[in-house]
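A quick write-up on the structure given underneath.
Residue numbers (this note's numbering): 1337 to 1497.
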């Protein structure tokens, strides 16, 4: 009888230990210094509060009075270190990509029960008939690239670095 009790106790202890390990393994992959490692070996994206304060990117075409403000932790670092340099893609290429990406994004904003409402907060007012200039299209496109890699989102048009 005593060996049966010990055996049951050991089994229960093993089950609780495995359950604890399972719960622990389901937690987020965030290290102690606030750096979240991205998919596909892209390296760390800084998610600390100081990075959030420094990661407000203003994209403006002052001559046409268009402006985009991106407040996304890690985007500025991503843009400066991983994104292709300005001029790599033509403006028409970026405009074509942005047209489809904005349409996908806006559809996801309208479906908050299907897509994460914390990622897709508000619609983007992007008119393909308007020339926003190269800088606006470049940074908007790379924001979509960053969004797809950081939050593991897939759009109908592939986003590439």
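Note that beta-carbon positions come from the ideal geometry of N, C-alpha and C, so glycine has one too.
Helix, strand or coil at residue i [DSSP, three-state]
i            : result
residue 1482 : helix
residue 1370 : In this prediction, residue 1370 scores a pLDDT of 37, lower than 50, which makes its location untrustworthy; no coordinate-derived value is stated.
residue 1497 : coil
residue 1466 : coil
residue 1460 : coil
Start-to-end residues for the beta strand (DSSP E) that takes in residue i
i            : result
residue 1422 : Note, residue 1422: premise wrong, no beta strand (DSSP E); not H, not E.
residue 1401 : Residue 1401 -> no beta strand (DSSP E), and no H or E assigned at all.
Cβ neighbour criterion (16 or more within 10 Å) applied to residue i
i            : result
residue 1490 : exposed
residue 1454 : exposed
residue 1353 : exposed
residue 1573 : As displayed, the chain neither begins before 1337 nor continues past 1497, which places residue 1573 out of reach and without an answer.
residue 1351 : exposed
residue 1462 : buried
residue 1347 : exposed
residue 1431 : buried
residue 1409 : buried
residue 1411 : buried
residue 1344 : exposed
residue 1374 : Low per-residue confidence applies at residue 1374: pLDDT is 38, beneath 50, and the placement is therefore not dependable, though the value from the model is reported in the following sentence. It counts as buried.
residue 1425 : buried
Selected residue, minimal CA-CA separation from residue i, among the options
i            : options                   : result
residue 1440 : 1346, 1492, 1416 and 1449 : 1492
residue 1413 : 1429, 1475 and 1442       : 1475
residue 1405 : 1355, 1472 and 1443       : 1472
residue 1494 : 1436, 1452 and 1458       : 1436
residue 1407 : 1496, 1488, 1483 and 1497 : 1483
residue 1445 : 1434, 1464, 1359 and 1458 : 1458
residue 1485 : 1403, 1359, 1349 and 1418 : 1418
residue 1434 : 1464, 1456 and 1402       : 1464
Segment limits, alpha helix (DSSP H) that includes residue i
i            : result
residue 1453 : Element bounds for residue 1453: n/a, residue is neither H nor E.
residue 1427 : 1427-1445
Near the ligand ZN: residue i beta-carbon under 7 Å from a heavy atom
i            : result
residue 1413 : Among the components of this structure there are no ligands whatsoever, and the ligand ZN is therefore not found.
Hey, is the region 1479-1489 in contact with the region 1458-1468, meaning 3+ C-beta pairs nearer than 8 Å? no
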